[in-house]
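Right, one structure below, let's go through it.
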Amino acid sequence: MIEIRNLSKKFDQFTAVDDLSFTVNEGEVLGFLGPNGAGKSTTMKVVTGFLAPSAGSVSIDGHDIGDDPIAAKSLIGYLPEGAPCYGDMTTREFLQFIAEIRGFRGQDRDERVQHVIDEVALETVVNQTIETLSKGFKRRVGLAQAIMHDPKVLILDEPTDGLDPNQKHHVRELIKNLAQDKIVIISTHILEEVSAVCTRAIIIAKGKIVADGTPAELEARSRYHHAISVKLTSDYDLAGDLQGVPGIGAIEPDDSEAQRFFILASDGEPIFAKVQDVAQEKSWPVTEFHVNRGELEDVFRTVTAGGQA
Amino acid sequence: MGNLGIIFRRELMGYFATPLAYVFIVIFLISNGILTFELGGLYIRNQADLQPFFMLHPFLYLFMVPAIAMTLWADERKTGTIELLLTLPIKLSDAVLGKFLAAWALTGIALALTFPIWITVNYLGDPDNGVILAGYIGSWIMAGGFLAVGTCMSACTKNSVIAFILTVAICFLFVIMGPNMFFNVYPAWMPDVLVDAIQSLGFMTHFEWISKGVLDIRDVLFFLVFIAAWLLASAIVVEMKKAS
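Residue numbers (our numbering), protein chains in the order written: chain L, 421 to 729; chain E, 680 to 923.
Here is the structure:
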């Protein structure tokens, strides 16, 4: 369990993290979201013991990161932002170094190194120096060192940044597989990633938590939650047909696509059946008709632009 | 092997993984040769000893040692690997000491490779090899002093060139503080007590006798305390500046 209590981090006059408190339990994959400069990376740096907090405390499984840093750090696998590695070492040398620091020796060490090489598919580059690797491979080397000791707590700062879609998928699968009875915290800008791998999401802005819940709960806060998305083949007066139907809110055109409209639910209740009835009755010229789960992006924009969703 | 040893080995391997170690050693040996024979006049003195060789080491170290110290911490911060290193379950002291010892070992290797000069004097005459050994040990310990300053300066900045220049400047002060063959830095009005006090901190004050083969415990202690103090300062600076 990670307990973060009243954590603040100030740099001179600038407050990067402002009185943050939350707890993460085993089995949770926490997505840490926020705009650039919201304090995501700073929070991670404090939690992993790289930076000392200005106030508050962090404890990893009962070990305070300030008072008992070695024990706390032993439990953590950490991929820092940008996945820094020693560029002049080969992949294998680097991973061997990490394995030794993590306490593996001799045969044990080599087995562990081979295991993580297989896990993140680094076999083809084991003898290359890290500085010659592509961005995707570098990121995977960073991941490999983070999971070296099968850590209880995995903290990944933008783990899929710079990866191609296949690699992203691979890394997400990896995180899902690792997540059982572990604590995983990942920071990301990519909202689909949260829906894909996280069991919980925290959105922070200006160093404070502005939203905390499962991805589904957060999606439910979206004004597009339960909204019906329809694509028309020709102009049609949707609003006229729906006038007087209870539970129907505004009708908005989609900015990104012509002839697509959102029919919003006004009181958070499903409106699919009602709208479907009207559509059938009036024979709407539609080619697509589906229910929107709600959009994290919409929630993200609302809560980080100030004020609660 | 503890964490200190693991970090030491990684750092030392790092020097030899790039051309840095080889360039350093080759240039060190060439400069050493030129200084010893041209400036020190090893042959002209007609004495079978290595005093001119050792006497010029402070000036050789002045430029060579900061070159290997400058990247020690500056590069860690520049590339961000410091975040990786310091979130591993290691003590800060292991990291600072491991890096320092690796760089010190490299200077030791370079120094040891000057052995042909020792063979030469043995071939030409009958030197006191105890004196020469004492000179080597003393010279290596003094190199550690230069290196400790460099470690600290490297921790102060992300820019290794700045670290180099600062190290040279500070080491230069410590070199000229003591008696030296080139110039007198103390103005006449300065009271002798003060001059003595400042001089006692100079490298040459302590190295002069070492270069003659007198390995006085007090001189050795001076350099060891000097190293410890700068390394302690390095650890404090690393801790303070790692965020930026």
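Beta carbons are placed, not taken as given, at the ideal position from N, Cα and C, and that holds for glycine.
Judged by beta-carbon spacing, S642 of chain L lies within the 7 Å limit of V719 of chain L, meaning their Cβ atoms are closer than that value. Pairwise C-beta distances place the region 787–806 of chain E out of contact with the region 868–876 of chain E, as fewer than three of them are shorter than 8 Å. Residue contact with chain L for L767 of chain E: present (Cβ-Cβ distance below 7 Å to some residue of chain L).
At a beta-carbon threshold of 7 Å, the residues of chain L lying near A696 of chain E are D508 and M509, ordered along the chain. Of all C-beta pairs linking the region 622–635 of chain L to the region 471–488 of chain L, fewer than three are shorter than 8 Å, placing the two stretches out of contact. Taking C-beta atoms under 8 Å as the contact rule, V561 of chain L and L576 of chain L fail to qualify, at a distance of about 13 Å.
Considering only beta carbons, the part of the region 563–581 of chain L lying closer than 8 Å to chain E consists of Q565, in chain order. In this structure, DSSP gives T750 of chain E a helical state, which the three-state scheme calls helix. Interface with chain L (7 Å Cβ-Cβ cutoff): I915 of chain E is excluded. Between the beta-carbon of S686 of chain L and that of I668 of chain L there is about 6 Å, and that keeps the pair under the 8 Å contact cut. Distances from the CA of A696 of chain E to each of L:A625, L:G507 and L:Q700 were compared; the closest alpha carbon is that of L:G507. For G759 of chain E, the nearest CB of chain L lies under 7 Å from its own CB, placing it at the interface with that chain. The criterion of a C-beta distance shorter than 7 Å is satisfied by P579 of chain L and L499 of chain L. Note on geometry: alpha-carbon atoms of T468 of chain L and P571 of chain L lie some 13 Å from one another.
By DSSP's assignment, A475 of chain L forms a beta bridge with L:S428.
Using a CB distance cut-off of 7 Å, L780 of chain E does not count as an interface residue toward chain L. For N682 of chain E, the chain L residues whose C-beta falls within less than 7 Å of its own C-beta are I521, listed in chain order. From the beta-carbon of F517 of chain L, the residues of chain E found nearer than 8 Å are I685 and R689. Within the region 455–479 of chain L, those residues whose Cβ lies closer than 8 Å to any Cβ of chain E are, in chain order, K465, T468, G469, F470 and L471. The region 639–659 of chain L makes contact with the region 704–715 of chain L: 3 or more CB pairs, one atom from each, lie closer than 8 Å. Only those residues of the region 730–763 of chain E whose C-beta falls short of 7 Å from the nearest C-beta of chain L are listed: T758, G759, T760, E762 and L763. In the assembly as shown, S839 of chain E is a buried residue. Its beta-carbon has 16 or more other beta-carbons within 10 Å. Between the beta-carbon of N712 of chain L and that of Y656 of chain L there is about 19 Å, and that puts the pair past the 8 Å contact cut.
Around the Cβ of H589 of chain L, a 10 Å sphere holds fewer than 16 other Cβ atoms; the residue is exposed.
For I686 of chain E, the closest of L:G523, L:D484, L:V437 and L:G459 by C-alpha to C-alpha distance is L:G523. The beta-carbon of G693 of chain E is placed less than 7 Å from the nearest beta-carbon of chain L. Burial is judged here by how many other beta carbons sit within 10 angstroms of a residue's own beta carbon; A867 of chain E has fewer than 16 and is exposed.
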